[in-house]
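Colleague: Quick one: structure below, then a few questions.
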Amino acid sequence: MTMSAPRRRQLSILDVGHGNCAVLADDRGTVVIDAGPGSTLLEFLVDAGISSIDVVLISHADEDHLGGLIAVLGSKRFKIGRVRLNSDALKGSAVWDDLLHELNACDKAGSLDWQTSLTFDKSGQFDQGSIRIEILAPSKYLAAKGPGGTDGKGRRVSTNSISAVVRLLQGNEPVALLAADLDRVGFDDLVDSGQEARAPIAVFPHHGGRPASADAVAFTRAFCQLVTPTTVLFSIGRGRHATPVPDIVAAVLTFSPTCRIACTQLSEHCAAALPRRKARHLEKVFARGRERGQCCAGSLVLYLDKVPILMPSVPSHQAFIRRAASTALCRRG
Amino acid sequence: MMGLGVRLRGITRVAVLDDDESARKALEFGIVDAGFEAVSESAPLRDVTAFVQHVRTVAHAAVCDHHLRKKNYATFDGAEVVALLYQAQVPALLCTGWEDARIVEIRRHRRFIPILLKPVDLSPEAIRAGLAECLAEFGLNFSQSRKPWRTLVRIEEVEDRVVFLVVPGWNPKEVIRLALGDLPAEIAHSVKPGMRLHAQVNLGATRHEDLYFYDWEPP
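In order, the protein sequence lines correspond to chains A and B. Be aware that the first sequence starts at 233, since it is given in our numbering, and climbs by one per residue. Be aware that the second sequence starts at 1050, since it is given in our numbering, and climbs by one per residue.
Now the structure itself:
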């Protein structure tokens, strides 16, 4: 009889194109946080030999955060324990109905437990071994007001406003913050809740797109000051929505001047054409842009060893940027 | 990107099909530039099954335009013969100008057509890379854009002989056209807007014209 090697605990922030998806996995289990559309999450899970997902957290009701869950549920190849998401009566979109259709079918079959409740009081309910999973936002108040309503300052609450913001801690040390599509209303709700939000690695809200009508630079400054990241990630799809917005990247460089910046795919702002040579710096996990040569950092993996290590490494990624991205927004000076 | 160095063991002769003689000549030049001997197929091409057998005896692969019926060149379309060649383990590439109506026709066979190229994109590198992809699929090694997954499909509209549908796990914002006749009869008879059902779909496809569907399951 042979024993398989223990799985190294890791948080994979996947290149799904325009969208978000992160997978926390080790021998104890698997947690999926958001699931951008397409086959990326499916491919990643199959490659990693994962057939069972303990928890799926969906930040909010946008297709670039939930389409992959529809794909996973439809595939019938994975056992899922719990799914948590926030209700969005305003959404009324067919894709939201599609997800609820699949969840309801699983519910009737008794194959999973799903609930429309993912607010900051749920912190600690999804912990994975020594990894604590905090839900920093939305507050119960904002979630209850819901999209279509107004917040305490009379501002309109959107689907993005109630984005669930997830922070992961190893022991007592924060390791990553996943901000989904948080906008100014949601951000202020998080700040008002008085919660600690520092994290060395931050997936920037809304793929580096504009935070609705709010001032993008002011929003970025507030985010950087609250989170104090050493690495900011933009989960983008080349050719979709022209993200990250140059003003936002410039603001990150201003307000977090020593911070590493990494995008999953190569923004058209940074390189008008795709590199001719095959990228060799990418981590060996599935990335949507790899086959078409669209990756910049590709799928990033945070190995949660005693000292966490984020891959691809800075030197290899920087070498790629120097070679392939002549107008890179993340370039300093 | 694959260059001319792609190894294509066993392929030396490539059959060329096009009902336009000058276009056929152009295809032949491309094939020769890609390092193969071109075997030009002249009219009339009558029976598609017999023709597939014929290709197997004279060539190791094929490049074929979708339009083959002009001047009675053939009694079948390119998509049909390419799909049959694929199923006979003969690598074959399909060319088309990609008019939308033709995409609906081609989609019926798309599961067995790994490569769909515009004539202008038919470079020697593209020919070799395309044939290599066919060979990879014969070895059950599918690229991410070609791998099928069971997934949810929502019917948006049904019009005459066309079904408009959405694949939420692929791109919920893009509506795909499918010939009603491509659905199994028991589903085609009852299909209506709002219906949700499941099928095998290549969810990794980046373009709508590359999507294929099979193994439909009723709601």
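Glycine is no exception: its CB is placed at the ideal position from the N, C-alpha and C atoms. These numbers come from a predicted model, not from an experiment.
Roughly how many angstroms separate the alpha carbons of A:Phe198 and A:Ser393, rounded to a whole number?
Modeller: This structure cannot speak to residue 198 of chain A, because chain A is shown only from 233 to 565.
Colleague: With a threshold of 8 Å between beta-carbons, can B:Glu1258 be considered close to chain A, or not?
Modeller: Taking the first residue of the second sequence as position 1, residue 1258 of chain B is located at position 209. So, not an interface residue.
Colleague: Looking at the strands, I want to know which residues DSSP matches up with A:Lys311.
Modeller: Position 79 of the first sequence, counted from the first residue, corresponds to residue 311 of chain A. In DSSP, A:Lys311 forms a bridge with A:Ser284.
Colleague: Please tell me whether A:Glu306 and A:Asp345 are closer than 8 Å, where the distance is taken between their beta carbons.
Modeller: Here residue 306 of chain A refers to the residue found at position 74 of the first sequence. Here residue 345 of chain A refers to the residue found at position 113 of the first sequence. In the sequence as presented, Glu is not what sits at residue 306 of chain A; that position holds Gly. Cβ atoms of A:Gly306 and A:Asp345: not closer than 8 Å.
Colleague: What three-state label does DSSP hand A:His292 in the structure shown?
Modeller: Taking the first sequence and counting its residues from 1, the one referred to as residue 292 of chain A is at position 60. DSSP places A:His292 in coil when its eight states are reduced to three.
Colleague: Report yes if the CB atom of A:Gly281 is closer than 8 Å to the CB atom of B:Trp1219, and no otherwise.
Modeller: Position 49 of the first sequence, counting from 1, holds the residue named residue 281 of chain A. Position 170 of the second sequence, counting from 1, holds the residue named residue 1219 of chain B. No, the pair does not count as a contact, with Cβ atoms beyond the cut-off.
Colleague: If you check the beta carbons only, do A:Pro437 and A:Leu414 fall under 8 Å apart?
Modeller: Numbered from its first residue, the first sequence carries residue 437 of chain A at position 205. Numbered from its first residue, the first sequence carries residue 414 of chain A at position 182. With respect to the 8 Å criterion, A:Pro437 and A:Leu414 are classified as neighbours on the basis of their beta carbons.
Colleague: Going by C-alpha to C-alpha distance, which of B:Gly1084, B:Glu1077 and B:Lys1120 sits closest to B:Arg1095?
Modeller: Position 46 of the second sequence, counted from the first residue, corresponds to residue 1095 of chain B. Comparing Cα positions, the closest option is B:Lys1120.
Colleague: Among B:Val1131, B:Leu1184 and B:Asp1170, which one has its Cα closest to the Cα of B:Ile1162?
Modeller: Sequence index remark: in the second sequence, residue 1162 of chain B carries index 113 (1-based). Taking only the C-alpha atoms, the option nearest B:Ile1162 is B:Val1131.
Colleague: If you follow the alpha helix (DSSP H) that A:Thr496 is in, where does it begin and where does it stop?
Modeller: Walking along the first sequence from the start, residue 496 of chain A turns up at place 264. Here A:Thr496 belongs to no alpha helix (DSSP H), and DSSP marks it neither H nor E.
Colleague: In chain order, what are the residue ranges of uninterrupted beta strand (DSSP E) at least 3 long that sit wholly in the region 506-535 of chain A?
Modeller: 532-535
Colleague: For A:Val397, count neighbouring C-beta atoms within 10 Å of its own C-beta (all shown protein chains included) and say buried if the count is 16 or more, exposed if not.
Modeller: Taking the first residue of the first sequence as position 1, residue 397 of chain A is located at position 165. Buried, since its Cβ has 16 or more Cβ neighbours within 10 Å.
Colleague: Between the beta-carbon of A:Thr391 and the beta-carbon of A:Ser371, is there less than 8 Å?
Modeller: Translated into positions along the first sequence, residue 391 of chain A becomes position 159. Translated into positions along the first sequence, residue 371 of chain A becomes position 139. Cβ distance not < 8 Å, so A:Thr391 and A:Ser371 don't count as in contact.
Colleague: Should B:Gly1059 be listed as close to the ligand FMN, given that the test is whether its C-beta is under 7 Å from any heavy atom?
Modeller: Among the ligands in the structure shown, none appear at all, so the ligand FMN cannot be discussed.
Colleague: So with CB distances below 7 Å, who are the chain A contacts of B:Trp1295?
Modeller: Missing from the structure shown is residue 1295 of chain B; chain B here goes from 1050 to 1268 and no further.
Colleague: Determine, using beta carbons only, whether B:Pro1163 comes closer than 8 Å to chain A.
Modeller: Taking the first residue of the second sequence as 1, we reach residue 1163 of chain B at position 114. Taking 8 Å as the CB threshold, B:Pro1163 stays off the interface with chain A.
Colleague: Is the Cβ-Cβ distance between A:His292 and A:Ala412 less than 8 Å?
Modeller: Counted from its first residue, the first sequence places residue 292 of chain A at position 60. Counted from its first residue, the first sequence places residue 412 of chain A at position 180. Their beta carbons are under 8 Å apart, which means A:His292 touches A:Ala412 by this criterion.
Colleague: For a contact meaning CB atoms closer than 9 Å, what does A:Gly441 contact in chain B?
Modeller: Position 209 of the first sequence, counted from the first residue, corresponds to residue 441 of chain A. Residues of chain B passing the Cβ test: none, with the nearest at roughly 16 Å.
Colleague: Indicate whether A:Arg442 and A:Ala483 have their beta-carbon atoms separated by less than 8 Å.
Modeller: Position 210 of the first sequence, counted from the start, is the residue given in the question as residue 442 of chain A. Position 251 of the first sequence, counted from the start, is the residue given in the question as residue 483 of chain A. Contact: no.
Colleague: What separation, rounded to the nearest whole angstrom, lies between the Cα atoms of B:Arg1157 and B:His1115?
Modeller: As a position in the second sequence, residue 1157 of chain B is number 108, starting the count at 1. As a position in the second sequence, residue 1115 of chain B is number 66, starting the count at 1. Answer to the nearest angstrom: the Cα atoms are 13 Å apart.
Colleague: Can you find the residues in the same chain that come closer than 7 Å, C-beta to C-beta, to A:Arg240, ignoring five residues on each side of it along the sequence?
Modeller: Here residue 240 of chain A is taken as the residue at index 8 of the first sequence, counted from 1. Tyr535, listed in sequence order.
Colleague: Taking 8 Å as the cut-off, does the region 542-559 of chain A touch the region 1069-1082 of chain B (at least 3 CB pairs, one atom from each stretch)?
Modeller: no
Colleague: Chain A beta carbons: is any one of them nearer than 8 Å to that of B:Asp1068?
Modeller: Translated into the one-based positions of the second sequence, residue 1068 of chain B becomes position 19. Taking a beta-carbon distance threshold of 8 Å, B:Asp1068 does not count as an interface residue toward chain A.
Colleague: Short of 9 Å Cβ to Cβ, which residues in the region 311-330 of chain A face chain B?
Modeller: Ser325, Ala326, Val327, Asp329 and Asp330
Colleague: Answer with buried or exposed for A:Ile584, where buried requires no fewer than 16 other C-beta atoms within 10 angstroms of its C-beta.
Modeller: Here chain A comprises residues numbered 233 to 565, so residue 584 of chain A is not present and cannot be evaluated.
Colleague: Does the Cβ of A:Tyr373 have 16 or more other Cβ atoms within 10 Å, making it buried, or fewer, making it exposed?
Modeller: Taking the first residue of the first sequence as 1, we reach residue 373 of chain A at position 141. So A:Tyr373 counts as exposed.
Colleague: For B:Phe1102 and chain A, any beta-carbon pair shorter than 8 Å?
Modeller: Within the second sequence, the letter at position 53 stands for residue 1102 of chain B. The question names Phe, but residue 1102 of chain B is Gln in the sequence shown. Not closer than 8 Å to any Cβ of chain A, the Cβ of B:Gln1102 fails to qualify, so no.
Colleague: Taking a cut of 8 Å between CB atoms, which residues from the region 1114-1136 of chain B lie near chain A?
Modeller: none
Colleague: Going by other Cβ atoms of all chains shown within 10 Å of its Cβ, with 16 needed for buried, is A:Asn318 buried or exposed?
Modeller: Along the first sequence, one-based indexing puts residue 318 of chain A at 86. Per the 10 Å Cβ criterion, buried.
Colleague: If B:Phe1100 sits next to B:Ile1060, beta carbons under 8 Å apart, how far is it from one beta carbon to the other, in whole angstroms?
Modeller: Within the second sequence, numbered from 1, the residue matching residue 1100 of chain B stands at position 51. Within the second sequence, numbered from 1, the residue matching residue 1060 of chain B stands at position 11. Rounded to whole angstroms, the Cβ separation of B:Phe1100 and B:Ile1060 is 19 Å, and the two are not in contact under 8 Å.
Colleague: Give me the Cα-Cα distance between A:Val423 and A:Gly381, rounded to the nearest whole angstrom.
Modeller: Position 191 of the first sequence, counted from the start, is the residue given in the question as residue 423 of chain A. Position 149 of the first sequence, counted from the start, is the residue given in the question as residue 381 of chain A. Spanning the alpha carbons of A:Val423 and A:Gly381 requires a straight line of approximately 19 Å.
Colleague: Kindly provide the ranges of any beta strand (DSSP E) runs that are 3 or more residues long and lie completely inside the region 413-452 of chain A, ordered along the chain.
Modeller: Counting whole runs of 3 or more residues, the region 413-452 of chain A contains the beta strand (DSSP E) stretches 433-435.
Colleague: For B:Pro1221 and chain A, any beta-carbon pair shorter than 8 Å?
Modeller: Reading the second sequence from its first residue, position 172 is the one you call residue 1221 of chain B. Cβ-Cβ to chain A under 8 Å: yes for B:Pro1221.
Colleague: Return the residue from the list B:Leu1227, B:His1238, B:Gln1102 and B:Glu1205 that minimises the CA-CA distance to B:Pro1217.
Modeller: Counting from one through the second sequence, the residue named residue 1217 of chain B turns up at place 168. It is B:Glu1205.
Colleague: Specify the secondary structure class of A:Leu374 as computed by DSSP and reduced to three states.
Modeller: Residue mapping note: residue 374 of chain A aligns to position 142 of the first sequence, counting from 1. Three-state result, A:Leu374: helix.
Colleague: What does A:Glu334 touch in chain B if you count any residue whose Cβ is under 7 Å from its own?
Modeller: As a working mapping, residue 334 of chain A is identified with position 102 in the first sequence. Leu1201, listed in chain order.
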